[in-house]
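Asker:
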Amino acid sequence: MQNTVISPELIAESNARHAAALEDDYASLGRKLERQGVAIDAVTDKAKGWAVAVPSWGAGRGGTRFAKFPLAGEPTNIHEKLEDCAVINQLGRTTPGVSPHLPWDCVDDYSALREEAEGYGLHFDAVNSNTFQDQPGQAQTYAAGSLSSTVEATRKQAVEHNIDCIEIGKQIGSQRLTVWVGDGTNLPGQQDLGRSLDRYLDAAADVYAALPEDWLMMLEHKMFEPAFYSSVISDWGSSLMAAQELGDKCKCLVDLGHHAPNVNIEQIVARLHRAGKLGGFHFNDSKYGDDDLDSGSINPHQLFLVFNELAEAEADPRGGFDPAYMIDQSHNVTDPIESMLSSAEAIAGCYVRSQLVDREALRAAQEANDVMLAFRTLRQAYETDVGPILAKARAEQGGAIDWLGTYRASQYRERKAQERKAVGQGAGIV
Ligand SMILES: [Mn+2]
Numbered sequence: 024m025q026n027t028v029i030s031p032e033l034i035a036e037s038n039a040r041h042a043a044a045l046e047d048d049y050a051s052l053g054r055k056l057e058r059q060g061v062a063i064d065a066v067t068d069k070a071k072g073w074a075v076a077v078p079s080w081g082a083g084r085g086g087t088r089f090a091k092f093p094l095a096g097e098p099t100n101i102h103e104k105l106e107d108c109a110v111i112n113q114l115g116r117t118t119p120g121v122s123p124h125l126p127w128d129c130v131d132d133y134s135a136l137r138e139e140a141e142g143y144g145l146h147f148d149a150v151n152s153n154t155f156q157d158q159p160g161q162a163q164t165y166a167a168g169s170l171s172s173t174v175e176a177t178r179k180q181a182v183e184h185n186i187d188c189i190e191i192g193k194q195i196g197s198q199r200l201t202v203w204v205g206d207g208t209n210l211p212g213q214q215d216l217g218r219s220l221d222r223y224l225d226a227a228a229d230v231y232a233a234l235p236e237d238w239l240m241m242l243e244h245k246m247f248e249p250a251f252y253s254s255v256i257s258d259w260g261s262s263l264m265a266a267q268e269l270g271d272k273c274k275c276l277v278d279l280g281h282h283a284p285n286v287n288i289e290q291i292v293a294r295l296h297r298a299g300k301l302g303g304f305h306f307n308d309s310k311y312g313d314d315d316l317d318s319g320s321i322n323p324h325q326l327f328l329v330f331n332e333l334a335e336a337e338a339d340p341r342g343g344f345d346p347a348y349m350i351d352q353s354h355n356v357t358d359p360i361e362s363m364l365s366s367a368e369a370i371a372g373c374y375v376r377s378q379l380v381d382r383e384a385l386r387a388a389q390e391a392n393d394v395m396l397a398f399r400t401l402r403q404a405y406e407t408d409v410g411p412i413l414a415k416a417r418a419e420q421g422g423a424i425d426w427l428g429t430y431r432a433s434q435y436r437e438r439k440a441q442e443r444k445a446v447g448q449g450a451g452i453v
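24 is the number of the first residue of the sequence shown in this note's numbering; add one for each residue after it.
1) Is any heavy atom in ligand 1 found nearer than 6 Å to the beta carbon of His296?
2) Output needed for Tyr149: all residues of its chain with C-beta closer than 6 Å, excluding positions within five of it in sequence on either side, in chain order.
3) Going by C-alpha distance, which of Thr117, Arg58, Val255, Ser172 is nearest Leu216?
4) Here's the rule I'm using: 16 or more other beta-carbon atoms within 10 Å means buried, otherwise exposed. How should Ala416 be labelled?
5) Can you list, in chain order, the residues of its chain whose CB lies under 6 Å from that of Asn137, leaving out five sequence neighbours each side?
6) Where Gly451 and Pro411 are concerned, what is the direct C-alpha to C-alpha distance, given to the nearest angstrom?
7) Once the 5 residues before and after Ala95 are set aside, which same chain residues still bring their CB inside 6 Å of it?
8) Exposed or buried, which one is Ser37 when buried takes at least 16 other CB atoms within 10 Å?
9) Taking all protein chains shown into account, decide if Ala70 is buried (16 or more other Cβ within 10 angstroms of its Cβ) or exposed.
10) Excluding the 5 residues preceding and the 5 following Val130 in the sequence, name in chain order all residues of the same chain whose CB lies nearer than 7 Å to its CB.
11) For Phe330, count the other beta carbons within 10 Å of its own beta carbon; 16 or more makes it buried, fewer makes it exposed. Which is it?
12) Can you name the residues that DSSP bridges to Ala76?
13) Between Asp381 and Gln213, what straight-line distance do the alpha-carbon atoms span, to the nearest angstrom?
14) Using a Cβ-based criterion (distance less than 6 Å to any ligand heavy atom), does His305 qualify as near ligand 1?
15) Rounding to the nearest angstrom, what Cα-Cα distance links Arg443 and Val110 in this structure?
16) May I ask which residues mark the beginning and end of the alpha helix (DSSP H) holding Lys439?
17) Taking only runs of the beta strand (DSSP E) that begin and end inside the region 301-333, which ones reach a length of at least 3 residues, in chain order?
18) Along the chain, which unbroken stretches of the alpha helix (DSSP H) at least 4 residues long are found entirely within the region 156-215?
19) Would you call Asp358 buried or exposed, if buried means 16 or more other Cβ atoms sit within 10 Å of its Cβ?
20) How long is the line joining the alpha carbons of Arg218 and Leu269, rounded to whole angstroms?
21) For Ser362, does the count of other Cβ atoms within 10 angstroms reach 16, so buried, or fall short, so exposed?
22) Could you tell me the alpha carbon to alpha carbon distance between Thr208 and Glu248, rounded to whole angstroms?
23) Kindly indicate which three-state DSSP category Asp128 falls into: helix, strand or coil?
24) Using DSSP with H/G/I as helix, E/B as strand and the rest coil, what is Asp381?
25) Any heavy atom of ligand 1 closer than 6 Å to the Cβ of Asp148?
26) Could you check the C-alpha separation between Val453 and Ile424 for me, to the nearest Å?
27) For the pair the region 303-317 and the region 262-280, tell me if three or more CB-CB distances fall below 8 Å.
28) Taking C-beta to C-beta, are Phe327 and Arg399 nearer than 7 Å?
29) Ignore the nearest five residues each way along the sequence and tell me which others in Gly343's own chain have a CB closer than 7 Å to its CB.
30) Assuming Lys55 is part of the alpha helix (DSSP H), what are its boundary residues?
31) On the DSSP letters alone, give me the boundaries of the beta strand (DSSP E) that Leu396 sits inside.
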């Protein structure tokens, strides 16, 4: 018996109020797509089979380096985070995976934690290591770097933490390790830019050597922050270089916020796939830098173009196509459950739109150098309102047609505000 956090009756009652309007919209969209040669039910089935993981840390309020504004009833441990993730998946039916972060989510009994997640219909996705901050009692500081540190004992400590993450990951059913290091410099001359990469690669090779056969190590690049002059794995070029040097079980992870403004991220996606090194995504949106805003809130067109490249990659797998999809954003002023539901819908919507692109027509227009027709072929899919498909997919799997209204009617957060202990203030960590 699956542990349902939100009353199924409440969802059913809410859906009953919206069912007639949805059927009307779905039928109308179905007729429109049929004229384009697309069977809507087949697309809805694809939507049902598509998933994006949520990060455990995203269940809590994030913050900036200036402040964090806690939300009454937000989770304070992995058990409460799992409960919130269960709500997100129960209403949205797109997010059965939870990506844990260590040591923030460390517990004594990992098989019990795995069972707890499964009780909610959830599973654990990629495990995220953390060598960007010091933990209480830690022997070596990461103030001057972790895997790339000039201090051998510090590099060793960072390697051992990553290996611990793999061991914990095995117990909770994960098969991927995401490695992001904050290593870098704040002033020119602080470190030798070449040797710091050498040290990183040597240490990362020790982590790689501990990977089980059926695991992947994903390297996440980031242009800047916390290091503001140079980062060791600053861009997709450094990431690709490292992944190629480390081996077949190492791939690159693209966090949409980790690039300079206006960088053509969809092209990076195509390039990484071409190199057989597209490992996964961290979805978020940004206006200025690594803002970690809700996915699709600022530039939904870019998100669509990324998914268009993913659809191309899936059609031409070149030996493999299995990227890990995860949301990675910071909810500073919203209820994280609402932001994650909104983001999952935006991301799934771009996936669905990418499935509506007439690939044959696009290819023909490209081959004929018919620029406008190629553009319009893409644009037609982007401009399609796929809301009815997403709502239908949710409803048919027990989720909510109107997830926001249903969530608020459940008064889940208000109840948790009574039950859970208050979160401390202070700067957030994102
Ligand atoms: Mn990320």
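The beta carbon of each residue, even a glycine, is placed where N, CA and C say it ideally should be. Model, not experiment: these values are computed from the prediction.
Answerer: Based on what the coordinates show:
1) Counting from one through the sequence shown, the residue named residue 296 turns up at place 273. No - ligand 1 has no heavy atom lying nearer than 6 Å to the Cβ of His296.
2) Numbered from its first residue, the sequence shown carries residue 149 at position 126. Sequence check: residue 149 is Ala here, not Tyr. Cβ neighbours of Ala149 beyond the five flanking positions: Ser122, Arg199, Thr201, Ala347.
3) For the purposes of this step, residue 216 is taken as the residue at position 193 of the sequence shown. Taking only the C-alpha atoms, the option nearest Leu216 is Val255.
4) Walking along the sequence shown from the start, residue 416 turns up at place 393. Classification of Ala416: buried, given that the 10 Å Cβ count is 16 or more.
5) Working through the sequence shown from its first residue, we reach residue 137 at position 114. One detail in the question is off: residue 137 reads as Arg in this sequence, not Asn. Within the same chain, Arg137 has close Cβ partners Ile195, Gly196.
6) For this step, residue 451 is matched to residue 428 along the sequence shown. For this step, residue 411 is matched to residue 388 along the sequence shown. Summary for Gly451: the model assigns pLDDT 49, below 50, so the residue's position carries little reliability, and this model does not support an answer.
7) As a position in the sequence shown, residue 95 is number 72, starting the count at 1. Excluding positions up to five away in sequence, the list reads Ala440.
8) Stepping through the sequence shown from its first residue, residue 37 is reached at position 14. Buried: at least 16 other Cβ atoms inside 10 Å.
9) On the sequence shown, residue 70 is found 47 positions in, with the first residue counted as 1. Burial call: buried.
10) Taking the first residue of the sequence shown as position 1, residue 130 is located at position 107. Closer than 7 Å at Cβ, skipping near neighbours: Ile101, Leu136.
11) Position 307 of the sequence shown holds residue 330. Label assigned to Phe330: buried.
12) What you label residue 76 is simply residue 53 of the sequence shown in a count that begins at 1. For Ala76, which the question treats as bridged, DSSP gives the partners Met349.
13) Along the sequence shown, one-based indexing puts residue 381 at 358. Along the sequence shown, one-based indexing puts residue 213 at 190. Their Cα atoms are separated by approximately 52 Å.
14) Residue numbering aside, residue 305 sits at position 282 when the sequence shown is read from its first letter. Yes.
15) For the purposes of this step, residue 443 is taken as the residue at position 420 of the sequence shown. For the purposes of this step, residue 110 is taken as the residue at position 87 of the sequence shown. C-alpha separation (whole angstroms): 16 Å.
16) Indexing the sequence shown from 1 puts residue 439 at position 416. 435-442 is the extent of the alpha helix (DSSP H) around Lys439.
17) 301-306
18) 175-195
19) Walking along the sequence shown from the start, residue 358 turns up at place 335. Its Cβ being crowded by 16 or more others within 10 Å, Asp358 is buried.
20) Indexing the sequence shown from 1 puts residue 218 at position 195. Indexing the sequence shown from 1 puts residue 269 at position 246. Cα to Cα, the separation comes out at about 17 Å.
21) One-based indexing of the sequence shown puts residue 362 at position 339. Flag for Ser362 reads buried.
22) Against the sequence shown, residue 208 aligns to sequence position 185. Against the sequence shown, residue 248 aligns to sequence position 225. If you take the alpha carbons of Thr208 and Glu248, they lie about 10 Å apart.
23) Within the sequence shown, residue 128 is the residue found at index 105, counting from 1. Coil at Asp128, not helix or strand.
24) Counting from 1 along the sequence shown, the entry for residue 381 is found at position 358. Coil.
25) Residue numbering aside, residue 148 sits at position 125 when the sequence shown is read from its first letter. Asp148 Cβ: outside cutoff for every heavy atom of ligand 1.
26) Here residue 453 refers to the residue found at position 430 of the sequence shown. Here residue 424 refers to the residue found at position 401 of the sequence shown. The pLDDT assigned to Val453 is 40, lower than 50, so where the model puts this residue is not dependable, and the model offers no usable value.
27) yes
28) Against the sequence shown, residue 327 aligns to sequence position 304. Against the sequence shown, residue 399 aligns to sequence position 376. Contact flag unset, no.
29) By one-based count along the sequence shown, residue 343 stands at place 320. Gly299.
30) For this step, residue 55 is matched to residue 32 along the sequence shown. Looking at the DSSP string, the run of the alpha helix (DSSP H) that includes Lys55 is 31-58.
31) The residue given as residue 396 occupies position 373 in the sequence shown. Segment 394-405 is the alpha helix (DSSP H) holding Leu396; no beta strand (DSSP E) there.
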